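Heads up, the thing below is written out as structure tokens.
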Amino acid sequence: MKGDAVKLPRFYPIFDSAAWLERALPLGVKLVQLRIKEADGADLRAEMRRALVLARLHGAALVVNDHWQLAIEEGADWLHLGQEDLDTADLPAIRRAGLRLGISTHDRAELDRALALAPDYIALGPVYPTILKQMKWHEQGLARVTEWKRLIGDIPLIAIGGMSVERAPGAFAAGADVVSAVTDITLNTDPEGRIRDWLRVCA
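Under the numbering used here, the letters of the sequence shown match residues 92 to 294, in that order.
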């Protein structure tokens, strides 16, 4: 049902394949994003279907990054859009399909744009320097996390960018409702062990 503030798990990993979901979901991850930038067509659809099956099998929420048409066609429940994605996405169609929507923000103008769309969560990043992708935005810092939470009120706030198990408590103390991680898991020598650490710190 739209309009109600959704309660999200505090740990939100982002992966680029369903294979990662096969490793993470059995450990107890309940909120996960599938962010695939390289595949398209039949390969992308097959990967999304596999991820949706896995998420439903484990009672987890799967957030599809960017690919809104496929998310609608495949019956996904959640969608994440970056600011560039907002320029081309059919937002009325997304809402008609009943998708919950998360939006990336990096500055006040982007936050205002996101809030006007009544999102189900707002992501702020990069909180710390990130090696995931080249960005024009410098690290936001924990003070910005606190500012964003004050501005958005009950909407869940996701802290992303350079996040680690060690940094998570500080992000929560600053006001984040959820912490998102990518390379802290995928580049770890023991990803499953790191996921267990995340689940403990976010419990």
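Even glycine gets a Cβ: it sits at the ideal position worked out from N, Cα and C. The structure displayed is predicted, hence computed values, not measured ones.
Looking at the strands, I want to know which residues DSSP matches up with residue i.
i, result
"G193", "H171 and Y212"
"Q124", "I105 and V154"
"I249", "A214 and V269"
Where do the ends of the alpha helix (DSSP H) carrying residue i lie?
i, result
"K240", "L233 to I243"
"G284", "P282 to V292"
"A146", "G132 to L148"
"L161", "W159 to E164"
"E129", "No alpha helix (DSSP H) contains E129, which DSSP labels as neither H nor E."
"E201", "R199 to L206"
"T274", "T274 to T277"
"R186", "L182 to R187"
For the putative contact between residue i and residue j, defined by C-beta atoms under 8 angstroms, what is the C-beta separation to the nearest angstrom?
i, j, result
"G252", "Y219", "6 angstroms"
"L233", "A262", "7 angstroms"
"G193", "V155", "Not really, about 10 angstroms apart at Cβ, beyond 8 angstroms."
Alpha carbons only, please: which of the options is nearest the one belonging to residue i?
i, options, result
"V270", "A214, N279 and G244", "A214"
"E175", "A188, W159, E164 and R187", "W159"
"L172", "V144, E201, R147 and R187", "E201"
"L190", "L208, H229 and D203", "L208"
"L143", "L112, L206 and H197", "L112"
"I105", "A115, L125 and R136", "L125"
"P210", "L177, R235, T237 and T221", "L177"
"A162", "R187, G150, R114 and L148", "R187"
"V256", "R285, D203 and R141", "R285"
"T196", "P247, A184 and L135", "P247"
"R140", "A167, G244 and A272", "A167"
"M254", "P217, T280 and A264", "P217"
"A96", "E230, L118, D275 and D268", "D268"
"G100", "S108, D107 and G119", "The sequence given here places Pro at residue 100; Gly does not occur at that position. Checking every option, the nearest Cα to that of P100 belongs to G119."
"D245", "R235, E230, G266 and R258", "G266"
"P260", "E283, T274, N279 and V236", "V236"
"L148", "E129, A115, K128 and R204", "A115"
"L135", "N279, A151 and E165", "E165"
"G150", "K128, K121, A294 and I276", "K121"
"K98", "A152, V273, A130 and D288", "A152"
"D203", "A184, A250 and L242", "L242"
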